[in-house]
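Working notes for the structure below.
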Amino acid sequence: VQLQASGGGLVQAGGSLRLSCAASAFINSINVMAWYRQAPGKQREFVAQIRSDGATNYADPVKGRFTMSRDNAKNTAYLQMNSLKPEDTAVYYCYANQYTGMYYWGKGTLVTVSS
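Numbering (this note's numbering), first residue to last: 2 to 116.
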């Protein structure tokens, strides 16, 4: 499975971006898809995840601002990010694991939020 993340960019504080993560394999073979982020000088941290049944989970700093969804027909997961803050600046990585236990990381996409 290959994961292609896209949608990053430069946005002002308070703005919005939508990240996409396209999977090369059938998304139905994937149990969980998630987003992580890594800010300069910090460790990679969990942002959000969506299970195959559509259940979502979010890190506290993004609750109420970020929404994760998946489109099985397009083999793609999305992260809608609203009310962005400068502290959301990071490289965002897509992650997926299959029911077999295999897991994958995509290349990151940079999100920069200016104050």
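Backbone N, C-alpha and C fix where the C-beta goes; we use that ideal spot for every residue, glycine too.
- Residue closest to residue 51, alpha-carbon to alpha-carbon, out of 97, 101 and 102: Within the sequence shown, residue 51 is the residue found at index 50, counting from 1. Among 97, 101 and 102, the Cα nearest to that of residue 51 belongs to 97.
- Query: Would residue 31 count as contacting chain B if we go by Cβ distances under 8 Å?
  - Reply: Of the protein chains in the structure, only one exists, and it is not chain B.
- Assumed close pair residue 77, residue 23 - CB separation to whole angstroms, cut-off 8 Å: Counted from its first residue, the sequence shown places residue 77 at position 76. Counted from its first residue, the sequence shown places residue 23 at position 22. With a Cβ gap of about 5 Å, residue 77 and residue 23 count as contacting.
- Please determine if the segment 32 to 47 and the segment 89 to 107 are in contact, where contact requires at least 3 C-beta pairs separated by less than 8 Å. Flag = yes, the segment 32 to 47 and the segment 89 to 107 touch.
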